[in-house]
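Residues in the sequence shown are numbered consecutively from 129, following the numbering used here.
Glycine residues also receive a C-beta, built at the ideal position from the N, C-alpha and C atoms.
What you are looking at is a predicted structure, and each value in this text was computed from that prediction instead of being measured.
Please read the structure below before turning to the comments.
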Amino acid sequence: MRPLRVVIVEDEAATARNLARLLTAIDDKIAIATTLPSVAESVTWFSDQANSYDLIFMDIRLADGISFDIFKQVAITKPVIFVTAYNDYALPAFKNNGIDYILKPFDEQEIARALQKHNDFFASNRDEAPALAVEALLQQISHLTRSYKKSFLIHFREKLVPVEAIKIAWFYTTNEIVYAHTSDARQYIMEFTMEQLELQLDPRQFFRANRQFIINRDAITEVDFYFNGRFSIKVKPEPAERILISKARVPEFKSWMNR
């Protein structure tokens, strides 16, 4: 059997290299056909190379847009394994279309699992792999391109005050109350839980550091190494409690900061 020809669609060069390394380490019969960093380059390559690959590993968010835009411009008929940092409730829908996904930061075990699923479905006859249910897929994950909250209307001293999301340096919860602290050191009580805020805030701008904090990228002033492989995050204005990133979440935080 000829090598499994894999295309990697990923805008972060380091992530793409790491994925290619893990793939070839798992199976030395895998050949990386190409690495594509953008929607535009992907559309061009897939238009000219329809029969030059067997499987795609595709990041959802690329530098010039959402990878689903590729499907709207060129026919993709080979299996896709999506790579994403967003653990969203609609992701299982990918499996309903004969598609798999892995979450960043990924590890060798997750990639091996996804490859095994591909092999179980398609390896015996790669050239006759069924076409993707693109329309159904686009409908099921359309919320991933949704607009996030630009501002909050907050109760404050018997008034309603509009506060821009981008001006909130961090959110903090204690005793089941959620507070928002703005860049000009104002504090407001929020009517949302931290979990609700996670769904409403742009994940490119805000990061759930731990159970107590959601932080704004623009508020971060310094990242320090802490005990046991953790990170200590300094933000402005400075909260009363130290903001820690667990060792397990450090790779995800670094990937988020490097975007």
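- Looking at Glu-286, Ala-308, Leu-132 and Arg-345, the one whose alpha-carbon comes closest to that of Asp-156 is Leu-132.
- The C-alpha of Ala-213 is placed about 23 Å away from the C-alpha of Val-363.
- Cβ atoms of Leu-164 and Val-202 stay farther apart than 8 Å, at about 12 Å.
- In its chain, beyond the 5 residues on either side, Val-167 have a beta carbon closer than 7 Å to the beta carbon of Gly-193.
- Following the DSSP letters along the chain, one finds Phe-210 inside the beta strand (DSSP E) bounded by residues 208-212.
- The criterion of a C-beta distance shorter than 8 Å is satisfied by Met-186 and Val-208.
- Measuring C-alpha to C-alpha distances from Arg-130 to each of Ile-158, Ala-141, Glu-140 and Ala-144 identifies Ile-158 as the nearest.
- When DSSP assignments are scanned along the stretch 150-180, the uninterrupted stretches of beta strand (DSSP E) that are 3 or more residues long and fall wholly within it turn out to be 158-164.
- DSSP, reduced to helix, strand and coil, places Asn-338 outside both helices and strands of the structure shown, so it counts as coil.
- Taking C-beta separations shorter than 8 Å and ignoring five residues to either side along the sequence, the partners of Thr-152 in its chain run Ile-158 and Ile-160, following chain order.
- Contact between Gln-324 and Tyr-276 is ruled out by a C-beta separation of about 13 Å, above the 8 Å threshold.
- With a beta-carbon spacing of about 6 Å, Lys-232 and Glu-380 fall inside the 8 Å limit used to define contacts.
- By the neighbour-count definition (other C-beta atoms within 10 Å, threshold 16), His-283 is an exposed residue.
- Short of 8 Å from the beta carbon of Glu-238, and not among the five residues preceding or following it, lie these beta carbons of its own chain, in chain order: Ile-230 and Leu-231.
- Look at Phe-196 here: in three-state DSSP terms it is helix.
- Only residues of its own chain outside the window of five on either side were considered, and among them Met-322 and Gln-340 have a CB closer than 7 Å to the CB of Thr-301, listed in chain order.
- Approximately 41 Å separates the beta-carbon atoms of Ile-154 and Ala-293; this is outside 8 Å, ruling out the contact.
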